[in-house]
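Residue numbers (the numbering used here), protein chains in the order written: chain A, 1 to 334; chain B, 335 to 668; chain C, 669 to 1002; chain D, 1003 to 1336; chain E, 1337 to 1670; chain F, 1671 to 2004. Using N, Cα and C, we set each Cβ at its ideal position, and we do this for glycine too.
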């Protein structure tokens, strides 16, 4: 599949960060040679910066970053960048406004995603409210963030909005969880008429069988905002394998039906990227590659994926969407 | 508090099952002397009948019963009774109609609750859809049950509707769970404009501290449909203590704010009833007393509580609502 | 199916213990009204007598009994009976002879089975040899027991011989285990040319899906010696369900192919018997019904099943083999 | 051994509760035929009364009782009795006085022991201070109880004083534990010059090997105050076996060296008593027999053992000390 | 001990891979300076290549390699090499032929060993058949592999054949396991007259006591094919220590009796090699050094050990067998 | 705070190891650029050298070092150094003398601390006596070490003496534990009149709430000997966070009341140092930074902290005590 046959519904983004495929590399995704693109100590008191979300904004990029401080408290911070590589992250933590007092109290928040949707930038994140659930807020300027109700009951993580309404309703993927280091996890789909009440919950994907695709055999969760293509929604998602020495987070790709996204059209057996470099294998949580955002240039099909590395730093990886779509279909385990 | 000062919003129900308080008993709730009121083998192939829901219906009572068969498959059955004690339970399992095919497939269902709400009998139950969640359906005749969407994402149990809209919205209590014998559990409150989409989730109660009220220190969950009184919603709820020999399920009471039911006005430190009789202590799951329904006579303040015993049979217990309200306030741990 | 159409390959045994089906009972198996047939303290120092094996012997019956003493050490004892109900169990423990010194040392042994095979009474039991495995021995007189090699590597339990060679080889069912209270367990089939070396291992049955037959959803294991019928080998087997309060052991039935016994022809969804009486629900391990032996009268089709109750005492249950075969086929979950 | 040869260092106590050995009983200990001697609801708000300590006091008996209320909060209560069978337990909880404010705050307390020592009645109990540890207090009148420092760091349970100084120092047995349902437990010995500072810790006994004495193979702990005899300190102690359905608490006996009580002279392989009656097998924690006190008449050698049953009620058992000493030596596993 | 006194029963193998001991190194085994000798991505789609087996073949070497693909499916591949360092591994997976259809179905296979035995190259591996067990096959040309019956019932791993019959029978070491990340593991010995039926199981070694040799205190398993010497079978075996951060796999050596190999003559307390380099400490499973094969030159006593590193790549280590034999005896913990 | 306002009660120690703060570093503690200061293989047979204690001695320094050998047996060794950086560690293990034979037997010992106290060098360590507890010994010459009684009952770790009597008594911090990789842990304070009997146990600190300071949210334990300052005892202590991939050990600081050291005056929310370098993140136990000793120069306020890295090697970090005191107060979570 190439750019002539695959339609990508996304803006033209000529300034997305980019580095050509290294010679000899046949993989559909390759790492940025200067990874990690964001070091753990970019902020004066940051212990780690990872699992963060970026979008095109004005003539550059904006983002919501997970920055744990040296108390190892989880917090969100706003950042801006001209080139998507050098980031100016605010030292003060992001605080939301406007929520009902009962849910507005900040306990903790992490692993944000951001998408432009109906003219606003919507942020979803794992929000502490008597356990982890999915927080929601919107901004127009990355200065004031208007928090709305939590989408779901606890315990939930990895809530990821679709970038447009589907069938007239807002749509979100999420992974129901438990209160700890959850050892299970499927991806579900939910709908809302108003971003306030949610229902029509549908099961999307379970972990794969161990014999079929072991890197995703314990739990899975949606990664960046799904990318609309003529072949379906392209979803990058993480998968977890539990070895005798803990969890290993890799990520792969799937194509979801455009109108009924809980129907999976194809799903990659191989991972797109698994933790193999020192900055992915060594850090606060070794062996984690966890994507939360992707920038797409519909003109060239280029994609730049931001992913957390070892829960410590942020990495970048590059690819071409048509190639990834082809590869997903070719290596599908469905 | 007596019937002159406490207003109970419920029908007059002179035919509710009843037995006077035994002499010498000072407890706010006492067991029916002929317990278990429903034996395990009332149906030809039933292994157990428990955790079931009854409501006034026509000139008697109707109910939805959890009847596990001798495969120990969980199923729901409809039953009718003139006196609330002798039940005619249908041998065929209850099947719902009308749901979206994606959620209509029956996997398993258990622990139903039933309430009359806006002229229909609404059933909520723990419904198997890629894990346990809250199923919803309504009937007008206890013959045809119209299933609607599952209220929440998995994993959830003990979804209990309020018997009227609150603040213009349907309201439900539930206990988010995990995929197994969940070792945690708080009660949450959720709202819906339409029984289809749910939101505005609020935390109601966490388990109590071990030193304060140990029978409810591991997890709690709503029991029968809350009863509206002038002192607040009277909620009977179960609590679980984990000993070195497993879980013990008892139940107590709480009063919730009428308009903001997530605000707890009082909460009993003592249990109302804990497993102490052979039929509560011996059975498929020893040491379980688990209430799912209550009949109320607003004229006398009498209440008849149906509760599952040892996950095997069904018991009845009696009391006076004004006394229980008083007792709850007097022994509150808040 | 009746005695005209079902052929049972077993001796005529008019003196097997028996009690007619109680009126009103429709179940394929019913308990002896004087259960437990063997009390826990039949021996001066016995803590419990259960999970034991009996066979016709001379003009009565002989058996190998699991008798734990008041140290709660597990041991085997020989016993004799005229009527299968009143037993004379020897106070001294059974000791085997003739084994290689390396395996002859007695560590512990439990849950024996006995069958007449090629003119000898063969005993298999769970034998402690650096973990539980399957011990084997034979006797002709129930006085001297000749131990041979352990059949398998540890960790294994519930080794049950077939009462004749199949395809020219000895045949055994067993349940590979781990070192503790194993939370998994399938039944496997193995062959031996000589009772010394074993191979050709085949998988027979896994636990059933929770939604299909929950009483056998965690682990299963063969019970009494399989009974040869014209419809296949009738196997009674136990199944285990794990509740939040521990394991529950029930038992059901299956029909195995006569020539390839690893092929299951039918398998009961319902249990034949689950722990429901006080002597099954209360004792050293509550909620256990665990069959290890059955006496069969091929003339009448009667079967008397000996089963351990709560790991404390021994019970008897009765039925008709043709009815059980019919019932197994009718309620098969295959 | 008989009363002529065994010297028992204890008062003459002709009024200790007593019932002769039932005919046909050969066991060294037999149950009171009217057990449970103290029902669970002797107090208006008691959920259970068990694991309690009694001593001769004035012309009758006094005791410190574990009475959990219907919040299932653990508390201690004082009680008095003329005959050791009918008890008058105070409804108000026991409160200690005089301790340093830092340790005086009552959190929880359970499983008391009491002994007369140097003219005072000393109480030890499991005391909540940032986890369970051993609380200590003394009284002269069972009205005012003077609390001193906790003997040890958390986490500890079953602290049992010797009834006299040994080698010039106070002496205590205890069982170091963890914060939950501890799955291990040895008995240790400690000394103090002043009941304030403790040291010279010695290991006394570990759980027995599974193959040797399974009822005590997971953890053990001292029971009543040791009884001084010419054959050593007679210690009754509980042992725990973990089945697939939880913990089983039985108790046996040991003889400790008079001068170096950490040296075990003999230790019973069989249990003296294991949970076998309905009131021991059914209750808040099934299958528990847990002795905390014993009354001894040195004139006759009689002993009356108070033991908790199923963590719910209190039972009595009787025996003759010379017989128990003999039996312990005869069945010793050392 | 030197080459004059120690007899090694092995071919002369002058072309085995080799690198002299680094100066200053006193250890009996040293790493290849160019480790890892096989990188994780030698195959186009390989995620990792490790835990693999090599033997002399024709004028060079052949091997069976564990190559997990980027689905992280485990598979076996054949490879050839002239020098034992540069390997040509086939991209297609190894498929066996000739087995009974019931066991022939490929589910998964890993951790192979290969030995020349009676003129054929025998492969044993961990073979998925309703759980892990020991698969067996032979080849003469490393092109066609004839699978025979699985040697044992599940659950088993690390099945390692001896290179000749012992006492007239084939002989194998193995480590019975459970279904997951087994937390226990002893080495057992089994015999077979025909490679089809196995018996005469003997216990060889348990994990060492924590205080004696902690690196092998949780489980142990045989490594390469045992090497016959005049001092006994030299067995390299792995041992596992569980830290708070997971399992650590090291390896040591033992000498087994030539005729009764279940009798251990000496056993090293120190490890020969533990994970200390980045390629051993970082990868899919950190801190793993796992030997599966060794090449031996009987003329010089040289040994080249292939071992898996971090479950990701393959390393080489070198030594002299006489030195290792001496060292094993000198540092024996027996 | 500076040297003019903060009084440090410690010797003048101009020769303590030192390296100035790197330019651009704002942290209160910085690593030695030549870390690790002690490699794992400094001894011929050492597997690792870490968690060790040093003090000024004569014109240089002496220390007690945890040196695990290649059996991975834990042992203590004595060492000497002129500059605190280059160490001469004795190859023979440290053996204590003079203890009661019952406790003198060496089982294992690790994680020592050393302080000069009343003219003697006192060593405390985790000592194996039927489980881990706190061993105590003193020396005057680092040649003969006189062992006294274990301070506490098992199970205890991280026993740390104060360098002078407080309120006329010896004082120690410790962390009661369980028998394994304890998943809980508070710091307690105990007193002794004579180093023989201990009591007056007080709770000092519990782990912090996850939302407040996650690096210390699972367990905490005292590190080096507390340093007396005019602002209180400066305590460096480790804290543990459990991720899905195991424990992470960091360390921070607290100020304790001079006279009542169980009263915490301030406690750092941020860590002083967390594992971030390869030698802290990679090794036998990845992600461990564990301080056991500190050298202090009261003239300059300099502090040199020795800390174990990945349970493998020893690192050094430097700082100024007045800065650390200020920082602790400024970032206190109390």
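| query | result |
| --- | --- |
| Cβ distance (whole Å) where residue 257 of chain A is taken to contact residue 232 of chain A below 8 Å | 6 Å |
| Per DSSP, cross-strand counterpart(s) of residue 965 of chain C | C/970 |
| Which of helix, strand or coil DSSP assigns to residue 34 of chain A | coil |
| Candidates D/1261, D/1186 and D/1246: closest to residue 1171 of chain D by CA position | D/1261 |
| Option nearest residue 1669 of chain E by Cα separation, candidates E/1543, E/1624, E/1654 and E/1637 | E/1543 |
| The region 51-66 of chain A / the region 74-94 of chain A touching (three or more Cβ pairs under 8 Å) | yes |
| Where residue 68 of chain A falls: helix, strand or coil (DSSP) | strand |
| Proximal residues of chain B, C-beta to C-beta of residue 791 of chain C below 7 Å | Going along chain B, no residue has its Cβ under 7 Å from residue 791 of chain C, so there is no contact; the nearest lies around 33 Å. |
| Coil, strand or helix - residue 373 of chain B by DSSP | coil |
| Spatial distance of residue 1745 of chain F from residue 1188 of chain D (CA atoms) | 25 Å |
| Residue of C/860, C/864 and C/958 minimising C-alpha distance to residue 883 of chain C | C/958 |
| Simplified DSSP state of residue 1762 of chain F, which is helix, strand or coil | coil |
| Element boundaries [alpha helix (DSSP H), containing residue 1664 of chain E] | 1657-1666 |
| Alpha-carbon to alpha-carbon, residue 1692 of chain F and residue 1790 of chain F | 37 Å |
| Contact list for the region 283-308 of chain A against chain F, Cβ threshold 9 Å | 283, 284, 285, 286, 287 and 288 |
| The region 1171-1184 of chain D in contact with the region 1131-1145 of chain D per 3-pair CB rule at 8 Å | yes |
| Own chain residues within Cβ distance below 6 Å of residue 1861 of chain F, not counting five before or after | 1839, 1841 and 1870 |
| Contiguous beta strand (DSSP E) assignments of at least 3 residues, all confined to the region 820-874 of chain C | 824-829, 838-844, 855-860 and 865-873 |
| Where residue 808 of chain C sits in the DSSP three-state scheme | coil |
| Partner residues on chain A for residue 411 of chain B, Cβ-Cβ distance less than 8 Å | Correct list: empty, because the minimum Cβ distance to chain A is about 26 Å. |
| Contact set between the region 1685-1705 of chain F and chain A, restricted to residues whose Cβ is under 9 Å from the partner | 1696 and 1697 |
| Close Cβ partners of residue 1564 of chain E (< 6 Å) along its chain, the five nearest in sequence each way excluded | 1345 |
| CB contact below 8 Å: residue 1557 of chain E versus chain A | no |
| Cβ separation of residue 825 of chain C and residue 779 of chain C, assumed to be a contact under 8 Å, to the nearest whole Å | 7 Å |
| Own chain partners of residue 1616 of chain E with C-beta closer than 6 Å, once the 5 adjacent residues on each side are dropped | 1625, 1645 and 1646 |
| Within-8 Å CB hit, residue 662 of chain B to chain C | no |
| Beta carbon proximity, residue 1773 of chain F to chain E, threshold 8 Å | no |
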